[in-house]
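In this note's numbering, the protein residues as written are 11 to 278.
See the structure below:
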């Protein structure tokens, strides 16, 4: 009998020890963050859309913490010391507050930018934004509390360039890549390696033999002609818009032809 009582007592102790403790949910005020690493930038160029005088850049914003069944407000400010764009001239003034909708964990922050200043054809402008605390959100995760929006009316080196086509960047090479690969959106995720190889091969085909590329891609509307200066060099151009053209010149030392970039370098 004594042994039975001891066994029962042990069982009670074991059951009590195995009972799950109540796990408390997230406590405190949630954080608001930009869903962009502080070392990266949100890039935009009107060169891809020359017909537009303004556009909207969408910056991803996330919450770190629990969702809420009510709308919650957050605020941003401009980091003047790092911003070269001018409010009212290059972009619209920011709102006092923006809203994360009820039951949502993210939103897209709209930044309206303008393509009316010729300066954008010469260099890119920066707009650096910083999240500031509100009654609804903290901004304690400093690595993702700022974001840089970079925009221009010229081609800029994209973040994916190291994946495809790789090598030195030039505006001419970028334009030829867009023409050959028919894209300007490339994922940097490793599972997309086959498509990087495909895009690079398409550019290589154009660079190596533009005459063959023209014959194989009549729908692109490009042709080649000799330069008027009797040098034997050539011009690769769009038939419908001859002002869209690229130099294709012979290297005296090797006898090979190369496209020439904006810095008089060979595109390889």
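Every residue, glycine too, gets a C-beta built ideally from N, C-alpha and C. Please read all numbers here as calculations on a predicted model, not as lab measurements.
Asked, Found
"Separation of residue 251 from residue 107, as counted between CA atoms", "46 Å"
"First through last residue of the beta strand (DSSP E) which encompasses residue 54", "51-55"
"DSSP-derived helix/strand/coil call for residue 86", "strand"
"The region 199-211 in contact with the region 221-236 per 3-pair CB rule at 8 Å", "no"
"Touch test, the region 69-84 against the region 45-58, Cβ-Cβ under 8 Å, three pairs minimum", "yes"
"Other residues of its chain near residue 51: CB distance less than 6 Å, five sequence neighbours each side excluded", "158, 160"
"Three-state secondary structure (DSSP) of residue 105", "coil"
"Proximity to residue 178 [Cα-Cα], best of 275, 40, 38", "275"
"Residue 87 burial status per 10 Å Cβ neighbour count (16 or more: buried)", "exposed"
"As assigned by DSSP and simplified to three states, the class of residue 202", "helix"
"Beta-carbon proximity of residue 230 to residue 189, cut-off 8 Å", "yes"
"For residue 265 and residue 226, the rounded distance between their alpha carbons", "25 Å"
"Buried/exposed call for residue 172, threshold 16 Cβ in 10 Å", "exposed"
"Beta-carbon contacts of residue 277 that lie in its chain and below 8 Å, excluding the five residues immediately before and after", "180, 182, 183, 186, 217, 268, 269, 270, 271"
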